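A.B. asks:
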Amino acid sequence: MELGGHIMIDQNTMTFEELITLAKKSRDFSQIENRVNDTKVLISYFSTLVNHELMQTSFLSNLNVKDENLKIKSLKDLQELLPLSEMSITNDLSEIENKLYKGQLIVQIENETSEFLLININSCQTGLRQFNDSENEFSVVGPKMGFVEDIDTNMNLLRRKINSPKLVIEEILIGSLSKTRVMIVYMDGITSEQHINTVRERLADIDIDIVWDTSLLDQVIRDNQNTPFPLYLSTERIDRITYTIVSGQIAIFSDGTPYAISGPSTLFDFFISPEDYYLNWVLGSFFRFIRIMGVFFSIFTSSIYVAVLTFHYEVIPKDLLGPLIESRANVPFPPILEVIFLELTIELLREAGARLPTKVGQTLGIVGGIVIGQAAVAAALTSNILLIIVALSALSSFTTPIFVMSNTIRVLRFVFIVLASFLGGLGIILGFVFLLAHLFRLKSFGTPYLVPLYPFRRNALADSFIRSSFKFINKRPEYLRPRDSLKYGVKKKKKTKGDLNDE
Amino acid sequence: MKSIVKEQFLVSTFFTFYLVHSSQIGIGILSFQREITKDAQQDAWLSVIIAGLSIHILIWLIYQTLDDRHNDIVAVHDFCFGQLIGNIFSILVLLYFLLSAFTVFRTYIQIIQVWVFPTIKTWQLALVLGVMIFYIVSGGFRILTGFSIWGVIIPAFLLLLLYFPLQYMNPRLLMPVFNHTVKEILLSTKASILLFVGFEWIFMYYPFIKGAKKSQKWAHLANVISTVLYLIVAVVSFMYINQDTLQHATWATLFMTKIIELPFIERFEYIFIFIWILVIIPTLCIPIWACTRILKRISNSNHLKPKISLAFFIIVMIVAATFIENFVEVDKLGKFISNVGFYFLYFYIPFVFLMKLFRNQLTKMLSKAQ
Amino acid sequence: MMNSMKASYMKSKFIITILVSLVICTLLSGCVPRSIIDELGITHTIGIDEENGKLTATVLYPNYTNSNKASVIKTAADNPSTLKSNLGHKSQSQIVLGQIRTFVLGDSYSKAGISRVLETICKDATIGNITFVVSDTKAEDIIKGLKPAPPLYLSHLLETSVLHEGTPETNIHTLVSQYYGSGIDIYLPNISFDNEKQLVVSGLSIFKGEKLKLTISNKEAFLFKLMNDKNKSGYYDITLPTKDNQKGKDNDKEQKHNRDKKQGDIDGKQPGNENNFALKSLYGKHKITLHKKGNENTISMNLTLNVELKGIPESIQIEKKEDYQYLKKSMEKIIANDIETLLKKLQQNEVDPFGFGIIYRSESKEWNEKEFYQKIYPKMAFSVKTDLILRQLGVGE
């Protein structure tokens, strides 16, 4: 039977010999024989996957028993001999195959071929980094730790943060070729059963060959395939994921990537930065507000420039008229071409800058940014007012803390610019209507994307546009349907000062 | 034959307020002053109040007509008149809704053609708006309620904008008060009914409201707020523009926005016209949605998918819009819908109510006889 | 089977969506004509004249791109709309009216009747909030005189005098209300050239219907503004009548002056009038009411004004109570008299810029515009009361 392009031998007919024959085709498979007091033991393993140090010290050395009278009659005796923790005896060939390819040893006693002992001494730490400074989601204050590529380390970090028996980690293997370990993390008793079931079902339904990253899982299980908006929060910071888990969302981790995704999420989750919580609520709200303003500015300014200069000259205030006309005086292109030219230049700069080697990057950044800009204006290819507008809007598209959202904003900008060049201000507002209608339809794990704005949920507003003080955000948001909605209690402050006249 | 809607598609009760209010505020508020002052002149604000109050009675009638077992007008028609005649009535109601939507459609295109882009062709704008309506309505009723929130928020901002005309207001233009006959005031009331048309679409979206019976108070509140809004705009218009100028200004509200001076925008009326699209979307999309739903409910076959009938209605509107070419015909269209609306509201709604009452009695008598 | 059918349906739906969007984009890209800002001839000032039985328009066409080399274009036509296209024939870029700020109406044209231009302009949707002015001479001369000035000179000139120097405010709203409205007449600022060829705002032009009837001076225009607009700031100069006891003082002063004269002094009086000083009006309230007694109609105007005195004559000592009262009463009387004179002048010329017609209409059962202006308005009596509050006297003693 065919399964994802990989022909699998029917379980019942495959024998151990066939397994070994297939494995022997690779150079890194080895089989050694050892003796334990006259009993021959055959050990099969992949030398690239096992931890040789552990094998030497804990396994092979213990096979040289001092006691000459010890006879190994069955695998159980061998198991008692060895001081290793993860051992299992089995004859299920699919499990043996799985575990062999994950770096476990297969031990068989020479006269027994029906049962096998599997010992886990894999070296999963090779080639992986030990720490992650989360440079992509930088915050000035607060912990900067991020997840790494090894899932066990990640679970370690997670359990250290959420030190509670309610934290449940379920594992599921996804990927017919990669057999990646994917973890579903949630708080038992807090997260809604419905959401957990949805996640479990969707993940179980996946049919894919290799899971590169959780973003792959995101794209396969998401509710709506054709939207540019990210439907699940994706981050590599520990504090962010723990915040979402504790609020009642479900996080999905995958082996081999530091990024985890969590859902159900709303549009406002993508504008929250951990710094908002490490600063006072007044400052946090202010910066969050600036971020949202930055997003609007980024999406609409270039298109407003195109619309006003191409169709609606009457709207320009009289003092701005002079500078605008002067700046466009020698530009040969209509505003739409000017804007597209500049926007594409900035996109090129960004793409190239992402791939430049660090040493060259800085110099070229200065060259690209400043010199090209200046030269473009001097050569009268663009106007200097437009240069400022496009540069500022490119900058403000990066104010969103989550990278995937800033990509969406950049793409949306182009759509609005094109619409503005067709129908002017009417095009912009029509685009806005389309955008709204699209956002209203989106759902993330069944929860509407624009909650708490629509459907209006008053109690979730405290943490969306502004970050209210911790007194007000002690309840979990209702749209996540948590089973226990109180995070912590709010104590009334003891009045130390009486009235005006006391002090 | 009641209409069953799944639980997850229902909207909360208080949303009735947004739905009804945004259905009423639409294109009428931009040009109503000229119509209502034809007879009552500066006393027309009184006509607005009277019209608003009479709508409350009609809302009450609607809520009496619809109930749990007959929760939309197709079911009521079925119950009162039987299948065949009931379907004919439903189709007439469908045509009326389609006509309402079409009037808003053509009038908005007219406004864009006059104020913003004089050379744009009707069919081009109609096509673009048609695509937009298709995308919005095909998302279902929940998206329409989302847009109806905008239909409430933006007119509230309009009240703020009234600060600018108030700088030039002259209260003497409202005087002398009450120097018109009752007949003139009533004629103006008839002209102002067009302002309040829109609440009757509740006939079709009643099943979509959670706890629909209890939503009556929200509908009444919505009507009160609409009346207050119209009243304020009318009074400010009368204080700002004198009666003779008003007869020459077709779009008086837009004329009032010409005086707005902001430091960074010269001509606020462009921004105003563009933002006003968000307010007319509910008045445009809800009736079309109601039409597709009537068609779906009448025909039991699954071939007539709502999306196809939606596309059909939109194409009909686009083609019809191109036939109404000039300003005079748009005016005539407006007057026609105003008349039809008046008769629908004041004759048809009580008629349906009485028929249902009568039929209820009949059923009771028949069951007693058995 | 259903799955594959559904898949092909989804695929074809996707293709249809893409096709439809492409078609729409192609159709839309040509539908709205562009008016790219630097390819337009944006004008800020237009003048209309009447010459040899034809309408002429002169347009000041500032050139933003080449360091203020403005140009003036003039054409003639029989109706206002053809004027615009004729103007277009003479310029390199399309002339657009969207950014026009000021409209200058020539003297002879105003006297002949401005209704045609008003009707055309007021119905045009691209026109914003423009100010109309009447010029003492031909509009053409004004426009030509504006050529060396920066692009928005005229509109700034008008704005400043409305805000600070006592010209009544006019804009498109007041103009349209006054033109269509019955019971009020049009008034517009008047500009002219003074002796040094400098452009100056010189009073108010008042129309009867659509024809220019009367022009009042800056001083009278300020009085008009005090009774009409909310913004009452401006300067008014007052000449106090000489008091009796002042005459003796004056003789003493002159003798002193003669005694102190030394050799070589030139004998001369100080320039200006010593009893003439300025009143700066800060803010205030006005109220106009109509009293009807049988067939007699009296308009009573009450003005409360907060003023600041700038330079009172030396003969008045403000700390003395009687001097203070004398000053206050005289100023009030002078202003009230001046206003009454102005009102009588307006009445004699049969113009009504204050809108007494509207006031009368608001308090009477029936209204007939013709009857009002023929029978009632000429017989109206006026009574003016002013109340000045001296707020400040300036820094110093």
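Protein chains in written order, with our numbering: chain S, 1 to 503; chain D, 1001 to 1370; chain H, 2001 to 2397.
Note that CB positions come from ideal geometry on N, CA and C, so glycine has one too.
The structure presented is a predicted model; accordingly, all values stated were derived computationally and were not measured.
1) S:S421: which of S:I389, S:T310 and S:K443 sits nearest, CA to CA?
2) Kindly indicate which residue of S:I340, S:F270 and S:G189 has the alpha-carbon position closest to the one of S:L231.
3) Counting pairs of beta carbons, one from the region 2032-2048 of chain H and one from the region 303-320 of chain S, are three or more of them closer than 8 Å?
4) Taking 8 Å as the CB-CB cut-off, is S:V451 touching chain D?
5) Have a look at S:L381 and D:Y1018 and give me their C-alpha separation to the nearest angstrom.
6) Opposite S:R237 in the DSSP bridges: which residues?
7) Buried or exposed, going by whether 16 or more other CB atoms sit within 10 Å of the CB of H:R2101?
8) Comparing the C-beta of S:H312 with each C-beta of chain D, is any distance below 8 Å?
9) Counting beta carbon pairs with one atom in the region 1190-1198 of chain D and one in the region 1273-1280 of chain D, are three or more of them shorter than 8 Å?
10) Between which two residues does the beta strand (DSSP E) harbouring D:L1231 extend?
11) CA-CA distance, H:A2139 and D:L1046?
12) Rank S:L177, S:R202, S:K166 and S:G424 by C-alpha distance to the C-alpha of S:V185 and give the top, closest one.
13) With respect to the beta strand (DSSP E) encompassing H:H2286, which residues constitute its N-terminal and C-terminal limits?
14) Comparing alpha-carbon positions, which option in H:Q2317, H:Q2092, H:K2385 and H:E2308 lies nearest H:E2340?
15) Express the C-alpha separation of S:A251 and S:K487 in angstroms, rounding to a whole number.
16) Using three-state DSSP, classify S:A504 as helix, strand or coil.
17) Give the DSSP-derived three-state secondary structure of D:K1332 in the structure shown.
18) Strictly by DSSP, which residues pair up with H:K2208?
19) Thinking C-beta only, is H:K2211 closer than 8 Å to H:A2112?
20) Counting beta carbon pairs with one atom in the region 278-286 of chain S and one in the region 347-366 of chain S, are three or more of them shorter than 8 Å?
21) What residues in the region 333-350 of chain S bring their beta carbon closer than 7 Å to a beta carbon of chain H?
22) Roughly how many whole angstroms lie between the Cα atoms of D:I1153 and D:L1162?
23) Taking 8 Å as the CB-CB limit, is S:F434 close to chain D?
24) DSSP three-state label for D:F1014, please.
25) Report the rounded CA-to-CA distance for H:K2345 versus D:A1040, giving the unit in angstroms.
26) Straight-line CA distance for S:L337 to S:V418?
27) Under 9 Å between beta-carbons, which chain S residues line up against D:V1116? List them in chain order, please.
28) If D:F1353 and D:T1065 are in contact, beta carbons under 8 Å, what's the gap, nearest whole angstrom?
29) For a test of the three-state rule: what should DSSP assign to S:L15, helix, strand or coil?
30) Does the region 1201-1219 of chain D come into contact with the region 1164-1175 of chain D, if we say contact requires no fewer than three beta-carbon pairs (one atom in each stretch) closer than 8 Å?
31) Going by Cα to Cα distance, which pick from D:L1187, D:L1127, D:S1090 and D:F1079 is closest to D:I1036?
32) Give the secondary structure of H:S2135 by DSSP, where H, G and I count as helix, E and B as strand, and everything else as coil.
33) Near D:V1330, what residues of its chain come up, given a Cβ to Cβ distance below 7 Å and the 5 sequence neighbours on each side ignored?
34) Can you list, in chain order, the residues of its chain with a C-beta nearer than 6 Å to that of S:E115? Leave out the 5 residues immediately preceding and following it.
35) Could you name the residues of chain D that H:H1947 contacts, counting a contact when the two beta carbons are closer than 7 Å?
36) Could you tell me the alpha carbon to alpha carbon distance between D:P1263 and D:M1256, rounded to whole angstroms?
C.D. replies: Looking at the coordinates:
1) S:T310
2) The shortest Cα separation from S:L231 among S:I340, S:F270 and S:G189 belongs to S:F270.
3) yes
4) no
5) 50 Å
6) S:G146
7) buried
8) yes
9) no
10) Where D:L1231 is concerned, there is no enclosing beta strand (DSSP E), although the alpha helix (DSSP H) it sits in stretches over Q1216 to Y1240.
11) 47 Å
12) S:K166
13) N2276 to K2293
14) H:K2385
15) 18 Å
16) Absent from the structure is residue 504 of chain S, since the part of chain S shown begins at 1 and ends at 503.
17) helix
18) H:K2211
19) yes
20) no
21) P334 and P335
22) 15 Å
23) yes
24) coil
25) Cα-Cα distance, rounded: 37 Å.
26) 10 Å
27) F311, H312, G424, G425 and L426
28) Yes, D:F1353 and D:T1065 are in contact; Cβ-Cβ is about 5 Å, under 8 Å.
29) One detail in the question is off: residue 15 of chain S reads as Thr in this sequence, not Leu. Three-state DSSP puts S:T15 in coil, outside helix and strand.
30) no
31) D:L1187
32) DSSP places H:S2135 in strand when its eight states are reduced to three.
33) R1106, T1107, Q1110 and I1324
34) L75, I89 and N91
35) Because chain H is modelled from 2001 through 2397, residue 1947 of chain H falls outside the range shown and cannot be assessed.
36) Between the alpha carbons of D:P1263 and D:M1256 lies a gap of roughly 18 Å.
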